[in-house]
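In terms of my numbering, the sequence shown is numbered consecutively and its last residue is 579. C-beta atoms are modelled at their ideal positions from N, C-alpha and C, and glycine is treated no differently. Just so we're clear, the structure is a prediction, and the values are computed from it rather than from any experiment. This report refers to the structure that appears directly beneath it.
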Amino acid sequence: MAFLMGLSIPTYSLIFGDIMATMAETSIDKIREDVFLYAMLFVAMGIVSGIVAFLQLYLFGVCGERLTMRLRRMVFTAMLQQEVGWYDEQENSTGALCSRLSADASAVQGAAGSRMSTLCQAASTLCAGIIIAMIYNWKLGLVMIGFTPFVIAATYFQMKILSGQVSDDKKSQEEASRVSTTVELPVLNLNIAVEAITCIRTVASLHQENTFLTNYTKALETRFEKSKIKAHMRGITFGVAQSLGNFSYAVALFYGCRLIVDQELTYGDLFKLALEKRVPKHSYLGPQWLDKQSVTFAPDYQKGRLAAVHIFKLLDRLPKICVNQSTGDMPDVCDGNVRFEDLEFTYPTRPNVKILNGLSFDVGKGQTVADHPRSPTPFSYAHAAAPSPDRILRIMDNKNIVNLNIPWLRRKLGIVSQEPVLFGYSIADNIAYGDNSRTVSLNEVIRASERANIHSFIKSLPMGYDTPVGDKGTQLSGGQKQRIAIARALVRDPQILLLDEATSALDSESEKVVQQALDEAREGRTCIVIAHRLSTIQNADKIVVVSKGVVVEEGRHQELIAKRGAYYDLYNVQNLMH
């Protein structure tokens with residue numbers, strides 16, 4: 002369709018050239034006859050061009066949208082399959098990933114969709130124009146084509162400048178999305194734009210709107226001076242290209258008149274070769290036309306190229322852990338016996354700092370083991386990240402988890418973290434998300450809610466289990482969110498339950514309610530509790546005290562008190578504080 006649409010411009014020029022030749026006729030009847038014929042040809046061209054243009058835009062538009070949808074699905078799938086540590090890298094901040102998901106696929110479509118149809122149309126027009134020029138008068142055709150290399154050179158420099166500007170703009174935007182406010186408002190290298198919007202209540206309460214705005218503006222202005230220089234260069238090259246186009250028409254008209262005088266060219270043929278729509282700069286052999294098509298395509302091409310590089314880099318990346326792998330052992334029975342041997346862990350962004358340094362302890366079937374880190378220890382992070390086997394050895398039911406099927410393993414685990422994350426759907430949906438391997442019935446959701454001590458509250462709501470929780474659960478209190486997270490974990494019916502500071506962020510009243518729900522959830526399961534507050538772990542079957550990434554003490558509460566060691570000191574300090 003684009004090829005046929007490209008032929009419409011040379012066809013129009015041929016008809017228009019014949020019309021101009023008809024105007025030179027002396028016979029009125031001949032003029033009337035020819036004008037009627039050419040008028041009908043224009044009507045036919047209009048109908049055909051309209052149909053072809055519709056099909057061209059429709060087909061390329063549908064293909065472009067399908068390409069965008071497919072790319073976004075592939076990119077999102079690749080993102081979800083990456084290991085947790087990948088998200089800690091600076092270039093993989095929330096804003097950068099969201100931008101990549103929404104903008105990069107559209108940029109590829111912009112270069113490969115409608116713009117590609119324009120290039121096909123341009124190529125068709127140019128090829129047809131050269132053939133027509135060689136047929137009607139090869140001398141004039143060569144003169145007009147002779148200016149093309151100079152215009153191509155000017156166009157090339159324009160494209161280089163535009164491409165560089167697009168690349169710099171993208172870098173500036175990514176920098177703005179990742180910039181930290183450490184100069185005036187210390188935060189951990191977070192995405193300033195996303196952070197300011199998602200935490201707008203905190204930003205407003207601290208009256209830091211101008212601080213975030215200032216830092217974001219600074220990031221956008223980093224390449225301002227360079228852009229000014231490129232704007233000057235672009236103006237110069239664009240002016241040269243425009244001048245060359247006009248020079249080429251001047252030479253073509255002058256030489257065409259000489260050929261007419263020498264009777265080597267007719268008046269109508271001159272219009273066919275040099276003019277279109279009575280405006281010289283739109284000739285299909287004109288360098289300005291080529292310059293216009295190339296320059297308009299340059300920004301979209303560069304955006305699409307950069308976006309494609311980012312997309313394929315992500316698609317080609319092999320995650321350290323394949324979450325959807327079909328290989329690995331899937332035992333029929335999982336008793337819940339866990340043993341950690343020489344557990345080592347480092348953050349991907351700080352590979353030289355060992356957080357866990359040879360941690361080892363056992364958890365028996367149905368036991369509750371409390372891990373008390375004397376310093377912040379990301380034990381649950383290590384659990385979720387599942388590093389490579391050369392750095393960590395974890396045994397479950399006498400099997401190395403490296404040899405287990407990852408989806409099967411995660412279905413056996415339930416996690417309740419310090420800050421539970423709820424999705425912006427209903428309460429029932431959030432609880433049912435605990436097990437996506439099957440369809441969770443409402444009765445199962447209710448039973449899990451009852452065990453989590455949240456059912457009565459949910460039933461008191463006007464919409465019950467259909468009540469939306471708001472963005473990240475903003476419509477609920479901390480204790481309510483925590484109990485919904487517990488119900489979500491129980492829906493999975495996990496053999497191993499991991500509680501990571503599940504009550505540390507709650508007030509005393511909410512803590513009691515949540516603690517009751519946790520006690521109910523632990524029954525009949527292997528449970529690993531990470532907590533700094535000793536009052537929440539005194540009844541554990543075993544308490545493991547961790548310092549500098551290694552176990553320094555382990556035993557029951559009374560045993561550790563009798564030892565008068567690290568746990569005894571911590572216990573006395575917390576009693577004094579309370």
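Using the rule of at least 16 other Cβ atoms within 10 Å of the residue's Cβ for burial, across every protein chain shown, is residue i buried or exposed?
{"i": "F55", "result": "exposed"}
{"i": "H373", "result": "buried"}
{"i": "F341", "result": "buried"}
{"i": "D570", "result": "exposed"}
{"i": "R526", "result": "buried"}
{"i": "G18", "result": "buried"}
{"i": "L360", "result": "buried"}
{"i": "Y568", "result": "buried"}
{"i": "Y285", "result": "Residue confidence is low: Y285 scores 45 on pLDDT, short of 50, so the model does not pin down where it sits. Its coordinate-derived value is still stated next. So Y285 ends up on the buried side."}
{"i": "S457", "result": "exposed"}
{"i": "V180", "result": "For V180, the pLDDT reaches just 43, beneath the cut-off of 50, and the residue's location in the model is therefore unreliable, leaving the point undetermined."}
{"i": "D542", "result": "exposed"}
{"i": "C528", "result": "buried"}
{"i": "E512", "result": "buried"}
{"i": "G240", "result": "exposed"}
{"i": "K219", "result": "exposed"}
{"i": "F61", "result": "buried"}
{"i": "S50", "result": "buried"}
{"i": "R484", "result": "buried"}
{"i": "K278", "result": "In this prediction, K278 scores a pLDDT of 37, lower than 50, which makes its location untrustworthy; the coordinate-derived value is nonetheless stated afterwards. When all chains shown are included, K278 counts as exposed."}
{"i": "F148", "result": "buried"}
{"i": "I531", "result": "buried"}
{"i": "C335", "result": "buried"}
{"i": "P421", "result": "buried"}
{"i": "A253", "result": "buried"}
Compute the beta-carbon to beta-carbon distance between residue i and residue j, rounded to the nearest angstrom, for a pair I have assumed lies under 8 Å.
{"i": "I312", "j": "D494", "result": "I312 to D494, Cβ: 39 Å. No contact."}
{"i": "N404", "j": "G337", "result": "Not confirmed; about 18 Å, so no contact."}
{"i": "L68", "j": "Q110", "result": "6 Å"}
{"i": "I322", "j": "E84", "result": "5 Å"}
{"i": "K231", "j": "A108", "result": "Rounded, the Cβ-Cβ distance is 20 Å, inconsistent with contact."}
{"i": "A22", "j": "G269", "result": "3 Å"}
Can you tell me where the alpha helix (DSSP H) holding residue i begins and where it ends?
{"i": "F37", "result": "29–81"}
{"i": "R534", "result": "No alpha helix (DSSP H) holds R534; DSSP gives it neither H nor E."}
{"i": "E521", "result": "509–523"}
{"i": "T267", "result": "T267 -> no alpha helix (DSSP H), and no H or E assigned at all."}
{"i": "V492", "result": "479–492"}
{"i": "V1", "result": "Since the first residue shown for the chain is 2 and the last is 579, residue 1 is missing from the structure and cannot be characterised."}
{"i": "K543", "result": "Counting along the chain, K543 falls outside any alpha helix (DSSP H), though it belongs to the beta strand (DSSP E) covering 543–548."}
{"i": "R202", "result": "201–206"}
{"i": "F213", "result": "210–221"}
{"i": "A429", "result": "428–433"}
If you compare alpha carbons, which of the options is closest to residue i?
{"i": "C601", "options": "T12, C258, L410", "result": "Since the first and last residues shown for the chain are 2 and 579, residue 601 lies out of range."}
{"i": "V515", "options": "E524, A486, R526, I416", "result": "A486"}
{"i": "D472", "options": "I459, V109, S94, F424", "result": "F424"}
{"i": "I193", "options": "F213, S206, S249, G236", "result": "F213"}
{"i": "W87", "options": "Q483, A433, P352", "result": "P352"}
{"i": "G566", "options": "V553, F43, N576", "result": "V553"}
{"i": "N406", "options": "I416, S327, K460, S361", "result": "S327"}
{"i": "I10", "options": "I48, V44, S125", "result": "S125"}
{"i": "R452", "options": "N431, E502, D520", "result": "D520"}
{"i": "E510", "options": "A522, Q481, K366, R489", "result": "Q481"}
{"i": "Y572", "options": "K543, V547, R534", "result": "R534"}
{"i": "T347", "options": "K549, I531, D270", "result": "K549"}
{"i": "S442", "options": "A197, L5, L477, R489", "result": "R489"}
{"i": "V546", "options": "N540, L561, T218, F148", "result": "L561"}
{"i": "L491", "options": "E524, T504, P463", "result": "E524"}
{"i": "L58", "options": "I20, T119, S536, G47", "result": "T119"}
{"i": "Y157", "options": "L102, V204, R235", "result": "R235"}
{"i": "M6", "options": "V36, G47, V53", "result": "V53"}
{"i": "Q368", "options": "M70, V339, P349", "result": "V339"}
In the DSSP assignment, find the unbroken beta strand (DSSP E) run with residue i in it and report its ends.
{"i": "G319", "result": "The question names Gly, but residue 319 is Leu in the sequence shown. Segment: none, L319 is in no beta strand (DSSP E) and carries neither H nor E."}
{"i": "F341", "result": "339–348"}
{"i": "N358", "result": "351–364"}
{"i": "E451", "result": "Where E451 is concerned, there is no enclosing beta strand (DSSP E), although the alpha helix (DSSP H) it sits in stretches over 443–452."}
{"i": "T369", "result": "369–374"}
{"i": "F501", "result": "It should be noted that the sequence gives Asp, not Phe, for residue 501. Unbroken beta strand (DSSP E) run through D501: 497–501."}
{"i": "G415", "result": "414–417"}
{"i": "V551", "result": "551–556"}
With contact counted as at least three CB pairs below 8 Å, one residue from each stretch, are the segment 75–84 and the segment 312–320 in contact? yes
The segment 90–104 contacting the segment 128–135, beta-carbon criterion three pairs below 8 Å: no
I want to know whether the segment 441–458 touches the segment 496–505 - three or more CB-CB distances under 8 Å. no
Say whether the segment 459–469 touches the segment 416–431, bearing in mind that this needs 3 or more beta-carbon pairs closer than 8 Å, one atom from each stretch. yes
Does the segment 407–419 come close enough to the segment 448–462 that 3 or more CB-CB pairs lie under 8 Å? no
Give a yes or no on contact between the segment 435–442 and the segment 355–371, applying the rule of three or more CB pairs nearer than 8 Å. no
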